[in-house]
Amino acid sequence: MNRESCPCQRAEAHMNEYSKIRDWFAQWSAFVANVDFESARALFDESVVGFGTYKDLVHGLDNLETGQWRNIWPTIADFAFDLDSLEVIVSADGSQASAVIFWDSTGFHEDGSRYDRPGRATVVLKQIDGEWRGVHTHFSLRPAEKKLSFGRSDD
């Protein structure tokens, strides 16, 4: 989608919030790349709920860190959000936002050889004490191939 054509994102009243959210993702990107759990925690609400590439569902920041982050971040390299792909929808009152973004990382096979590990994320953010905090995350790897369904054969 062309961000220039998205009125909900490009509305003048929310441009400042878009910039803040972009900065939020830039910070988180660096924290993931540097395997800095403590700094990353400051970006999230304690009651965050998430889906990930390792765990199906986690409730709470402690569980997100131990159940998802600690099982992935130390095992990958070169993590970076593609900030140019960021799409944001800010609520009319500016208290909540939904964001989608692509990311890239490098994974490692058992023999140590590297492979591309691209993905996508959806994050719901909420204004808490004047700062954006993550309240929901959903990470997934990009589909390796399309698996089309052509309908059932009634044999």
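When we follow the numbering used here, the leftmost residue of the sequence shown carries the number 958, and every step to the right adds one. Here a beta-carbon is modelled for each residue, glycine too, at the ideal position from N, C-alpha and C. Note that this is a predicted model, so its numbers are computed, not measured.
Where residue i falls, given that 16 or more other Cβ within 10 Å makes a residue buried
| i | result |
| --- | --- |
| Ile1085 | exposed |
| Arg1074 | buried |
| Ser1032 | The sequence shown places Thr at residue 1032, rather than the Ser named in the question. So Thr1032 counts as exposed. |
| Asn973 | exposed |
| Ala1101 | exposed |
| Gln966 | Per-residue confidence for Gln966 stands at a pLDDT of 43, beneath the threshold of 50, marking its modelled position as unreliable; the derived number appears in the next sentence. Under this definition Gln966 is a buried residue. |
| Leu1098 | exposed |
Residues bridged to residue i (per DSSP)
| i | result |
| --- | --- |
| His1093 | Val1006, Val1081 |
| Glu1088 | Ile1085 |
| Arg1071 | Phe1065 |
Cβ neighbours of residue i in the same chain (closer than 7 Å, five flanking residues each side left out)
| i | result |
| --- | --- |
| His1016 | Val1006 |
| Asp1039 | Ile1058, Phe1059, Trp1060, Asp1061 |
| Leu1043 | Arg979, Phe982, Ala1056, Ile1058 |
Cβ shell of residue i (< 8 Å), same chain only, five flanking positions each side left out
| i | result |
| --- | --- |
| Ile1029 | Gly1009, Thr1010, Tyr1011 |
| Arg1027 | Phe994 |
Neighbourhood of residue i by C-beta, 6 Å cutoff - its chain only, sequence neighbours within 5 removed
| i | result |
| --- | --- |
| Ala990 | Phe1036 |
* Asked: Between the stretch 1055–1063 and the stretch 997–1007, are three or more C-beta pairs nearer than 8 Å?
  -> no
* May I ask you to verify whether the stretch 1065–1080 touches the stretch 1019–1029, counting CB pairs closer than 8 Å and requiring at least 3? => With the rule of 3 Cβ pairs closer than 8 Å, the stretch 1065–1080 does not count as touching the stretch 1019–1029.
* Asked: Using 8 Å as the threshold, is the stretch 969–986 in touch with the stretch 1038–1052, meaning 3 or more CB pairs across them?
  -> Judged by Cβ distances under 8 Å, the stretch 969–986 makes contact with the stretch 1038–1052, as three or more pairs qualify.
* Only counting runs of 3 or more residues, tell me where the beta strand (DSSP E) segments fall wholly within the stretch 974–1057, in order along the chain. => 1001–1008, 1034–1047
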